[in-house]
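The listed protein sequences derive, respectively, from chains A and B.
Counting in this note's numbering, the first sequence runs without a single skipped number right up to 153 at its last residue.
Counting in this note's numbering, the second sequence runs without a single skipped number right up to 1459 at its last residue.
Heads up, the beta-carbon is just placed ideally off N, CA and C, and yes, glycines get one too.
Model, not experiment: these values are computed from the prediction.
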Amino acid sequence: MRFPQIVVCAFDAWAANQLRELAAAQRWLLREVRQPAAALELAREPRPTVLVVQADPTADRPDPLRLVADARRLAPDAAAVVFSDVKLSDGDRAAWTAGVFDLGARYVLFPPLQRLVLEDLVGGLMAATLRRVVGPDEPGGTIDLADERYGDD
Amino acid sequence: MSDPSPPEPADRPRFAWRTFFHKATVPVFVVGPTRRLRYANPAWEKLTGKSLATIRGMRVSARRSASPLGQVLAAPPEVWAGQTARSRRPVPPADAGPPWWDVTFVPLPGDGRMLGVIGLIAPVGEKVRGGPKVAPALADLRQQAAAAYPFELLVGPSPASERLLNQARLAARVMAPVWVVGEPGSGKETLARVIHHNGPTREKAFLGLDCTALSPALVESLLFGKGSLANSGRLGTVYLKDPAALPSNLQDRLAVLFTADRADLPRLVCGSVRPAVEDVRAGRLIPPFHTALAVLELRVPPLRERLDDLPSLIDRLADRLADRPAVAEDVWPVLRTYHWPANLRELADILGQAARRAAGGPVARDHLPRLLREKHLIASEPHPAVGKPWTLDGVLEAVEKRLIELALRKSGNSQTEAAELLGVFRARLWRRMEALAIPAPPQPPKPRKPKAVDETGSE
């Protein structure tokens, strides 16, 4: 298995800075890009990936959201987290969150949650991605006649 | 000036296209090459509340200088380049929806020039009660994403696929909660999305939550916290991946939410590797998930049960790759021999690896991983001829011998642990080993007992 990676596609650097310690401790690659197209290329690499995308719900540009939709289509195993620094009303936030989940995001963070839980969220999503790649833990107490690990040497 | 259009053949009856469109109940409009509205049928007039007589010649353009209706009816640039397109537009004069119009634009290319564009409008979505609107860009993306999940994704020549397709069609027609069972990587969430995007709640959002990846607090905050999604009226389907991973108090809240008698409730779809009843029996899941929230249980067949679908599956998975590779004929027997423990996810990975090795050429057998090629080699070798016919006693003894040997290996040659693993007393294991001529393996060293130490610390 190749090294897992966190791909951060954001306007500013705080998200990558916040995740740097986690990535170093777990020996995951941390890749910071500004362009959604570059982030998509990285997300398509055959390695466990969590994609962290910054979006601005008040802006007209849908590029970050297109990245989430494209990642869902082209790299469905990459878990996408969308966060925003923009404060919205409850109704607007619900509408926007629902829309972004519909595109394929695994979680959406708004202030003040985005800074508090980003690390835990990314860690949890990466752990689940790794479980999918490596497979579930070996069941104990059963003997599989066809299991090659216990076959004749 | 002579008419540049070719003369109409004498044997072709005159077609009254205007009457044809006029009687249609679908709102239809025609835009001329100068981007002016040329025609609209009565259904369009009824939908827009405008009369063609007063609005004919209106400028149809995406520029802000055009009227709101003119902006909504403007075809995207690719349509003027000759491609059919579909766009979701907010109903004018609003600049956001819902409700929306899904406008299908059909170009009419002529001899070297564009004659115009025909537009068909399908109104979608109801106004959300007092709620905020969704930006058109997000709505457009959502519509494009939804188009990637037609029923055709499930179509395949194998009986297992046909069964799943019929079950999915049934599930999409009703609002009953669905429990999807399938091995890891078999496509449970994709099935949930297909049901959602073809079901009655397709205009609302699909919320997929991986309960093993998200902390319960995050799931609770999202669904029940301040400005919660559960009561926003925005959700069409909530997909919970492995809900047994959630704590029981949160399972209780979810069960209360999804069993409430409310019209605007989202539908619940759960995905798991086990049927709900097994999780309930094991105490991992509260009973309402089995009794009320698993009304339809759909089983996604593992890939090894639908090997006939391999060509169509690979055809779809190849779309994810940058260069869509061709697949050589000698690849299929190898793929058919493998047992695919990680299902479609593994197939996609292997296809990606092979395509990279093929470097733009067709994927051949040598580009496949060695494991698959070896499995195929072993499977295709002729079996050695059996010297004598097997008797029942002989088969049972061989199985018993094999089990005992495996248990001994698994327990590191500890006979006590092997006996526990096999569920027999140690004495019986000895007797059977003797009877089956299994040599007693060397026993692992016993752990030494710690020497007694008195209160002063001296031995």
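Minimum Cβ-Cβ distance from residue i to chain B less than 7 Å
i: residue 62 (chain A); result: yes
i: residue 123 (chain A); result: no
i: residue 90 (chain A); result: yes
i: residue 11 (chain A); result: no
i: residue 101 (chain A); result: yes
i: residue 46 (chain A); result: yes
i: residue 73 (chain A); result: yes
i: residue 115 (chain A); result: no
i: residue 65 (chain A); result: yes
i: residue 140 (chain A); result: Confidence is the limiting factor: at residue 140 (chain A) the pLDDT is only 43, short of 50, which leaves the residue's position unreliable and the question unanswerable from this model.
i: residue 93 (chain A); result: yes
i: residue 15 (chain A); result: no
i: residue 23 (chain A); result: no
i: residue 39 (chain A); result: no
i: residue 78 (chain A); result: no
Cβ-based burial, residue i [other Cβ within 10 Å; buried from 16]
i: residue 1442 (chain B); result: exposed
i: residue 1359 (chain B); result: exposed
i: residue 1457 (chain B); result: Any reading at residue 1457 (chain B) needs caution, since the residue's pLDDT is 46, under 50, leaving its predicted position unreliable; the model's value is listed next. Result: exposed.
i: residue 1179 (chain B); result: buried
i: residue 1046 (chain B); result: exposed
i: residue 1089 (chain B); result: buried
i: residue 11 (chain A); result: exposed
i: residue 87 (chain A); result: exposed
i: residue 1378 (chain B); result: exposed
i: residue 1399 (chain B); result: exposed
i: residue 1226 (chain B); result: exposed
i: residue 13 (chain A); result: exposed
i: residue 1343 (chain B); result: buried
i: residue 1396 (chain B); result: exposed
i: residue 1187 (chain B); result: buried
i: residue 1017 (chain B); result: exposed
i: residue 1391 (chain B); result: exposed
i: residue 1146 (chain B); result: buried
i: residue 1329 (chain B); result: exposed
i: residue 110 (chain A); result: buried
i: residue 1078 (chain B); result: exposed
i: residue 62 (chain A); result: buried
i: residue 1440 (chain B); result: exposed
i: residue 1161 (chain B); result: buried
i: residue 1130 (chain B); result: The predicted position of residue 1130 (chain B) is uncertain, since its pLDDT is 46 and thus under 50; no value can be drawn from it.
i: residue 97 (chain A); result: buried
Contact with chain A by residue i, beta-carbon distance below 7 Å
i: residue 1242 (chain B); result: no
i: residue 1267 (chain B); result: no
i: residue 1352 (chain B); result: yes
i: residue 1048 (chain B); result: no
i: residue 1337 (chain B); result: no
i: residue 1227 (chain B); result: yes
i: residue 1066 (chain B); result: no
i: residue 1391 (chain B); result: no
i: residue 1431 (chain B); result: no
i: residue 1148 (chain B); result: yes
For residue i: DSSP bridge partner residues
i: residue 1087 (chain B); result: B:1103
i: residue 1282 (chain B); result: Looking at the DSSP assignment, residue 1282 (chain B) forms no beta bridge with any residue, so it has no partner.
i: residue 6 (chain A); result: A:30 and A:50
i: residue 1122 (chain B); result: B:1102
i: residue 1235 (chain B); result: B:1205
i: residue 1240 (chain B); result: B:1209 and B:1270
i: residue 1117 (chain B); result: B:1031 and B:1107
i: residue 1296 (chain B); result: B:1178
8 Å contact criterion, which residue i and residue j should meet: CB distance rounded
i: residue 67 (chain A); j: residue 39 (chain A); result: 6 Å
i: residue 55 (chain A); j: residue 84 (chain A); result: 5 Å
i: residue 1201 (chain B); j: residue 1237 (chain B); result: 6 Å
i: residue 1331 (chain B); j: residue 1364 (chain B); result: 7 Å
i: residue 26 (chain A); j: residue 118 (chain A); result: 15 Å between Cβ atoms; not a contact.
i: residue 1108 (chain B); j: residue 1026 (chain B); result: Actually they do not touch by this definition, with Cβ atoms about 17 Å apart.
i: residue 20 (chain A); j: residue 29 (chain A); result: Not quite, the Cβ-Cβ distance comes to about 11 Å (not below 8 Å), so this is no contact.
i: residue 1230 (chain B); j: residue 1224 (chain B); result: 6 Å
i: residue 1219 (chain B); j: residue 1235 (chain B); result: The Cβ separation is near 14 Å, so there is no contact.
i: residue 1124 (chain B); j: residue 1195 (chain B); result: Contact doesn't hold; Cβ gap of about 18 Å is too wide.
i: residue 1165 (chain B); j: residue 1181 (chain B); result: Wrong, their Cβ atoms sit about 16 Å apart, outside the cutoff.
Runs of alpha helix (DSSP H) lying entirely within the segment 1135-1205 of chain B, each at least 4 residues, in chain order
1136-1146, 1159-1173 and 1188-1197
3-residue-minimum beta strand (DSSP E) runs that sit fully inside the segment 75-129 of chain A, ordered along the chain
For the segment 75-129 of chain A, whole beta strand (DSSP E) runs of length 3 or above, ordered along the chain, are 79-83 and 107-109.
List, from N- to C-terminal side, the alpha helix (DSSP H) runs of 4 residues or more that fit wholly inside the segment 1299-1348 of chain B.
1310-1317 and 1331-1337
Taking the runs of the alpha helix (DSSP H) that are 4 residues or longer, which of them lie wholly in the segment 1350-1419 of chain B?
1370-1380 and 1392-1410
In the segment 1030-1073 of chain B, which residue ranges form an unbroken alpha helix (DSSP H) of at least 4 residues, counting only runs that do not cross its ends?
Fully enclosed alpha helix (DSSP H) runs of 4 or longer: 1042-1048, 1052-1055 and 1068-1072.
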